[in-house]
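The sequence shown: position 55 = 39 (our numbering), numbered continuously. First up is the structure itself, then whatever we jot down about it.
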Amino acid sequence: MKKALSLTLALLVALQLEAQQPTQMILNLANGAALRSEVSEVEKITFADTLYNVNSSGLRILEANEVCWPEDRLLPMFLPPATTVKTLDMNSASLSDEERIMFCTLQGIVNRSQPRILLYNHNEEPRTTWPSAHSLRLSAVSPSRCYSLVKTFQDEINGLVLYSNELTNHYSNLAATIGGLDRLLPVTAEIREKLIANGMDFPVVEDLTQLTMNNAAGVYNYLYNNYWERCSHRLLISERPNIPYVHDIGAACGAACVWLDPRTAAERQVLDKMLRDLTPGRDIVIGWYPEERTGVGEATRSGLSTVPADFFENATVYTAVSKPVVIPPVPRRGKLENKVYASVYISDGDNIQYCQHAMAKIFEQSGRGKMPLNWTISPALADISPMMLNYYYKKATANDCFVSGPSGVGYAMPYDAHNSRYYASSNSSSLITPYAQLTQRFIEKAGLRVITIWDDVSATQRKVYADNCPYLYGLTINDWERQNGRLQYSVQSDWLPVVPQYPCYASGADVITDFFNRDIKNFRGNEPMFVTGQATVWDAGPDQLVALRERLDALSPGNVNIVRADHWFNYYNEAHHLPFNLTMLEAMEVTSSPATTDADVAADGSPSERYMWISEAADGTGWVQLDFKEPFLVSRYVVRHAEAAGLEPGLNSRNFTVETSLDGQSWTTVGTHTGNIAPVTDAAITPVEARYVRVSVTNGGTDGIVRIGDIEVYGLH
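The structure is reproduced here in C-alpha cells:
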C-alpha cells in the first residue's frame, strides 16, 4: 500500500518553533524521534510529496537509508518498542546457524520501523532479566512454529538473497549485508524450501550461488566493490559468519557485516579500506575479531574503537528504550589519613556481551557489597541499552563503583604491551583526540569517572585525555610485567593521575595480596600510601575477592582501607596536593533557598532528575551554598543543569553567579553566566582561598523553575 505525505527530506512531518525558545527548532521525524536544531544553522527547508510503504497495521516501513541517526548517537533512534513484542527462542526451535542469521536479519529489518521482535539466543542470564528491565510486554512464538514469525511480517520483506556456504561461510555475512540494505531475507536453498513449505514463496532478488570466491578476502572485496557505497559508514559489524547476534543492528541500519583477520595481508587490505571510510570520534565497530590485539589495534590505527559485542543480542530492541541513565548519588568520603588506600577493579566490562550475560550472574554473588569493588562497564551502553546501566545502578550498593572499561567508548588500544607497538602514534594527537572527545560525552552520560586503559598511553596521549575528558578523576594503565620494571605513576596537566594496575588481570585474591604487599610491607604510617590492582572476572568475582579484607588487614593491621575508585583518586590527589572534588568530603554542609527537594541533592554526585535540586520559588530564582568547614584553594567549579539529567535544554538555568567566601558574610564573585544554554558549566578560575561556595540563579528554566542537577567544586589544601 502506498501513501502520499508532505515531508522535509523524506522524513519531516512537523516543524515546531517554541515560543519561549525562538532560536530553537524541533524537527519531529516520521519514526517518532525529535531532532533539535538552531534556526541560524538551517539554510533551507523544502517540502516534497514522498511515496512510502506501510505495513498491514499502517506503520511506515523504513528503508535502511531512512533511519534517524543523529550525529551524537552511536546507534540510530528507533520508535519505542511495540505494546507487545513477539519473542522466539531460537535454541528451543533447534535452528541452524544459517536460520538464526535469517531470523536476526528479519529482526533488524522489522525493528528499524518499530521494535516488534525479540530473539533468545544466549541462555546465560535468567530469560526475564532484560525484557523486564526494559518493561517489555512479550508474546512468545511457539518454537515448533518458528516460521510463523516470518509470516507475521512478510509484507515488510521484498524477497530473498540466496546464498550457499559450500565454498566458504563468509557468504552468510555477505547475504546478511545485502538483506539489510534491500529488505531481503538471507537464505540457503534449504531455508528457502522451508519458507515455501510454510506458505511463503518469496522471489529471489539476489542470487549469490553462482559466485566463486572461496575465502574471506574475496567475498568481502566483492562486498566492497558492489555494496559498500550503499552501506552505512556510521557502523561496521565485525562478526563471525556462524554467530547470529549483532546482525539485527547491522541489518537495521544497513551496515556491512564482515569477518576479516588483519594478520592476513589480503584481509587487512579490505578491512582498512572500510575503516578509512568511517569517521573517528563518531563511528564505531561492533562485534569482535579473529584475534584480539591485531583486530582492536587495526581499528585504533584508523582512530576508531571497537565495542566487543559478538554475543550481544537484541540491540535493536534495547537501544529503542531511550531513557536517561539514572546515576545514583556518590557516598561521601572521610578525611585523608596516613593509611594505605587500596582499590580493586574487576575486568572485562568493555565487553557489552559480558555486561548482558555473565555480569548479570556475577552481580548476584553474595559477596558483592561487602567491600568496595570497581566494576568495569561500557559507557557505550548509554546509547545501546541505557536501561542496562540503570539495572546495575539500581541494584548497586554504596560499595559498588562503576568505571569505564578499556579505553573509553569501546576498546581502543593506543599501546599494545604484548607486542610492544603503538597503534595510535605516540607523538601525535590526531587519532586519539576524536576518540577522547567521544569518550568524554559518554562517560559523563553514563556516570563513569575512571577509565581503565589497555595497555598504556604516551605522554602525548595522556595530555589528550586531560584536555578532552574533564569528567575524569583518573586513568589506570595495565602493567603486564613485560616492562623493564614497573610502570610508573604520573600526573598529567597537574590534575589527572595516571596509575598502573599492579597486578593486572590477576587470577585471585592471593595474587592481589602478594602484589599489594610489595608496597604495603614498606608502609611506615607517616604519609598515605596508594595501591591498586585488577582481577580477571573469569577467575575472581566478589565471592572470592571479599577475602581481601582480612588478608590486606593482616599485612598491616588497622592501616589498610579498601575504597571505591572515585574515592581513591580523590584521596590520591589530596595527598599529592592536587585539585580534588571537595563536594565529596564527608564534612561538607549544603544549605539552600526554599526548595521542593533536600539541599544535599544539589551536590550529591548525581545530576539525575531523581536527585535534582529544585527551587520552590516561582520567579526563576534560587541559591545553593556549600560549606566545606575549612578553607581550600578553590580553582574550578562545575554546575550540571537540567539537560545533563536528560531534560529539555530549555530548562537549563540561564543566568547565575558563583561566589566564594571565607566567613560566609563577605562574598567574591568568581563567575557570572548569562544566557547559558549548555547542559554543563565547567569553569576554571584563578585560585582563591575559600571555605564557602554559593551558586545563585537569577533566571532559571523557561518554565520559571530553577533546577540544579549537581555542583562540584575543586580545590586543594
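For each residue, glycine too, the CB sits at the ideal point set by N, CA and C.
TODO: List the endpoints of the continuous alpha helix (DSSP H) containing Ser132.
DONE: In the sequence shown, residue 132 corresponds to position 148, counting from 1. Counting along the chain, the alpha helix (DSSP H) containing Ser132 begins and ends at 132 to 136.
Task: Start-end ranges of the alpha helix (DSSP H) lying completely within the region 198 to 277, minimum 4 residues - done: Annotation note: the region 198 to 277 contains the following uninterrupted alpha helix (DSSP H) runs of length 4 or greater, listed N- to C-terminal: 200 to 210, 231 to 237, 249 to 259.
Task: Three or more C-beta pairs below 8 Å linking the region 601 to 611 and the region 570 to 579 - done: Output reads yes: the region 570 to 579 touches the region 601 to 611.
Open item on the list: When you compare the region 405 to 423 with the region 436 to 456, are there three or more beta-carbon pairs, one atom per stretch, that lie closer than 8 Å?
Closed with: Touching, per the Cβ criterion.
Task: Spatial distance of Pro6 from Gly685 (CA atoms) - done: Walking along the sequence shown from the start, residue 6 turns up at place 22. Walking along the sequence shown from the start, residue 685 turns up at place 701. With a pLDDT of 39 at Pro6, under the threshold of 50, the predicted position of this residue should be treated as unreliable, and no value is reported.
- [ ] Flag this pair as yes or no: are the beta carbons of Ile45 and Glu108 separated by less than 8 Å?
- [x] Sequence index remark: in the sequence shown, residue 45 carries index 61 (1-based). Sequence index remark: in the sequence shown, residue 108 carries index 124 (1-based). Contact: no.
TODO: Starting from the C-beta of Asp267, find all residues in its chain whose C-beta is less than 8 Å away, skip the five residues before and the five after it, and write them out in chain order.
DONE: Counted from its first residue, the sequence shown places residue 267 at position 283. Cβ-Cβ distances below 8 Å link Asp267 to His217, Arg218, Leu219, Leu220, Leu288 in the same chain, with the five nearest sequence neighbours on each side left out; the list follows chain order.
- [ ] Express the C-alpha separation of Ile101 and Pro663 in angstroms, rounding to a whole number.
- [x] Your numbering for residue 663 matches position 679 in the sequence shown. Your numbering for residue 101 matches position 117 in the sequence shown. Answer to the nearest angstrom: the Cα atoms are 35 Å apart.
TODO: Reducing DSSP to helix, strand and coil, say where Trp552 ends up.
DONE: As a position in the sequence shown, residue 552 is number 568, starting the count at 1. Trp552 falls in the helix class under three-state DSSP.
- [ ] Please check the pair Glu223 and Asp294, which I expect to be a contact at CB under 8 Å, by giving their CB distance rounded to whole angstroms.
- [x] Along the sequence shown, one-based indexing puts residue 223 at 239. Along the sequence shown, one-based indexing puts residue 294 at 310. The pair is a contact, with the Cβ atoms about 6 Å apart (cut-off 8 Å).
TODO: Alpha carbon to alpha carbon, how far is Ser331 from Leu72? Give it in angstroms, no decimals.
DONE: Numbered from 1 along the sequence shown, position 88 holds the residue referred to as residue 72. Numbered from 1 along the sequence shown, position 347 holds the residue referred to as residue 331. Spanning the two alpha carbons is a distance of roughly 32 Å.
TODO: Could you tell me which of Pro115, Val324, Pro363 sits nearest to Val69, measuring between CA atoms?
DONE: Here residue 69 corresponds to residue number 85 of the sequence shown, with the count starting at 1. If we check each option's Cα against that of Val69, Pro115 comes out closest.
- [ ] Let me know the alpha helix (DSSP H) ranges lying completely inside the region 152 to 204, each 4 residues or longer, listed in chain order.
- [x] When DSSP assignments are scanned along the region 152 to 204, the uninterrupted stretches of alpha helix (DSSP H) that are 4 or more residues long and fall wholly within it turn out to be 155 to 166, 173 to 181.
- [ ] Jot down the residue ranges of each uninterrupted beta strand (DSSP E) in the region 445 to 478, minimum 3 residues, whole runs only, in chain order.
- [x] Correct list: 458 to 462, 474 to 476.
Task: Per DSSP, cross-strand counterpart(s) of Lys307 - done: Translated into the one-based positions of the sequence shown, residue 307 becomes position 323. DSSP output for Lys307 lists no bridge partner at all.
Task: Local Cβ density within 10 Å of Ile233, reported as buried at 16 or more and exposed below that - done: Position 249 of the sequence shown, counted from the start, is the residue given in the question as residue 233. So Ile233 ends up on the buried side.
- [ ] Tell me whether the beta-carbon of Asp550 lies closer than 8 Å to the beta-carbon of Tyr457.
- [x] Counting from 1 along the sequence shown, the entry for residue 550 is found at position 566. Counting from 1 along the sequence shown, the entry for residue 457 is found at position 473. Yes, Cβ-Cβ distance for Asp550 and Tyr457 is below 8 Å.
Open item on the list: Within a Cβ cutoff of 7 Å, which residues of the same chain sit near Gly265, ignoring the five residues on either side of it in sequence?
Closed with: For the purposes of this step, residue 265 is identified with residue 281 of the sequence shown, where counting begins at 1. So the list reads Pro418, Tyr419, Gln421, Leu422, once near-sequence residues are dropped.
- [ ] Could you say which of Asn49, Gln91, Arg129, Ile93 lies nearest to Ser78 if we only look at CA atoms?
- [x] In the sequence shown, the residue the question calls residue 78 occupies position 94. Minimum Cα distance to Ser78 is reached at Arg129.
TODO: May I have the straight-line CA-CA distance separating Leu732 from Val618, to the nearest angstrom?
DONE: This structure cannot speak to residue 732, because the chain is shown only from -15 to 701.
TODO: Determine, using beta carbons only, whether Leu357 and Leu529 come nearer to each other than 8 Å.
DONE: Start at 1 with the first residue of the sequence shown, and residue 357 comes out as number 373. Start at 1 with the first residue of the sequence shown, and residue 529 comes out as number 545. In this structure, Leu529 lies closer than 8 Å to Leu357 by Cβ.
- [ ] Going by DSSP, name the residue or residues bridged to Gln518.
- [x] What you label residue 518 is simply residue 534 of the sequence shown in a count that begins at 1. Looking at the DSSP assignment, Gln518 forms a beta bridge with Tyr329.
Task: Local Cβ density within 10 Å of Glu428, reported as buried at 16 or more and exposed below that - done: Locating residue 428 in the sequence shown gives position 444, counting from the first residue. Classification of Glu428: buried, given that the 10 Å Cβ count is 16 or more.
Open item on the list: For Arg675 and Pro615, which I take to be in contact (beta-carbon distance under 8 Å), what is that distance rounded to the nearest angstrom?
Closed with: The residue you call residue 675 lines up with position 691 of the sequence shown. The residue you call residue 615 lines up with position 631 of the sequence shown. Confirmed, Cβ separation roughly 5 Å.
Task: C-alpha distance - Asn226 paired with Gly589, whole-angstrom precision - done: Residue 226 sits at position 242 when you count from the first residue of the sequence shown. Residue 589 sits at position 605 when you count from the first residue of the sequence shown. Cα-Cα distance, rounded: 44 Å.
Task: Spatial neighbours of Gly699 in its chain, beta-carbon cut-off 7 Å, leaving aside the 5 residues before and after - done: Position 715 of the sequence shown, counted from the first residue, corresponds to residue 699. Closer than 7 Å at Cβ, skipping near neighbours: Pro563, Leu566, Phe616, Leu617, Val618, Ser619.
Task: Per-residue burial, Trp272 [other beta carbons within 10 Å of its own, 16 or more giving buried] - done: Translated into the one-based positions of the sequence shown, residue 272 becomes position 288. Buried, because 16 or more other Cβ atoms sit within 10 Å of the Cβ of Trp272.
Task: CA-to-CA distance, Ile93 to Phe186, given in whole angstroms - done: Reading the sequence shown from its first residue, position 202 is the one you call residue 186. Reading the sequence shown from its first residue, position 109 is the one you call residue 93. In this structure, the CA atom of Phe186 is about 16 Å from the CA atom of Ile93.
- [ ] Starting from the Cα of Thr656, find the closest Cα among Gln649, Glu673, Ser637 and give me that residue.
- [x] Along the sequence shown, one-based indexing puts residue 656 at 672. Nearest option by C-alpha distance: Ser637.
Open item on the list: Below 8 Å, how does it come out for the region 541 to 558 and the region 316 to 327: are there three or more Cβ pairs, yes or no?
Closed with: yes
Task: Burial state of Gly659 (16 or more Cβ within 10 Å) - done: Position 675 of the sequence shown, counted from the first residue, corresponds to residue 659. Result: exposed.
TODO: Just tell me which of Tyr375, Ser350, Gly333, Arg433 has its CA closest to the CA of Pro390.
DONE: Taking the sequence shown and counting its residues from 1, one reaches residue 390 at position 406. Distance from the Cα of Pro390 is smallest, within the candidate group Tyr375, Ser350, Gly333, Arg433, for Gly333.
Task: Three-state class that DSSP yields for Met371 in the structure shown - done: Along the sequence shown, read from residue 1 onward, the residue named residue 371 stands at position 387. In this structure, Met371 counts as helix in the three-state DSSP scheme.
Open item on the list: Taking only three categories from DSSP, how would you classify Asp334?
Closed with: For this step, residue 334 is matched to residue 350 along the sequence shown. In the structure shown, Asp334 adopts coil according to DSSP, grouped into three states.
TODO: Give the range of the beta strand (DSSP E) segment to which Lys613 is assigned.
DONE: For the purposes of this step, residue 613 is identified with residue 629 of the sequence shown, where counting begins at 1. It spans 606 to 624 - the beta strand (DSSP E) in which Lys613 sits, taken as one unbroken run.
- [ ] Tell me Lys70's beta-bridge partners as DSSP assigns them.
- [x] The sequence position of residue 70 within the sequence shown is 86, counting from 1. In the DSSP output, where bridge partners are listed per residue, Lys70 has Ile101, Ser123.
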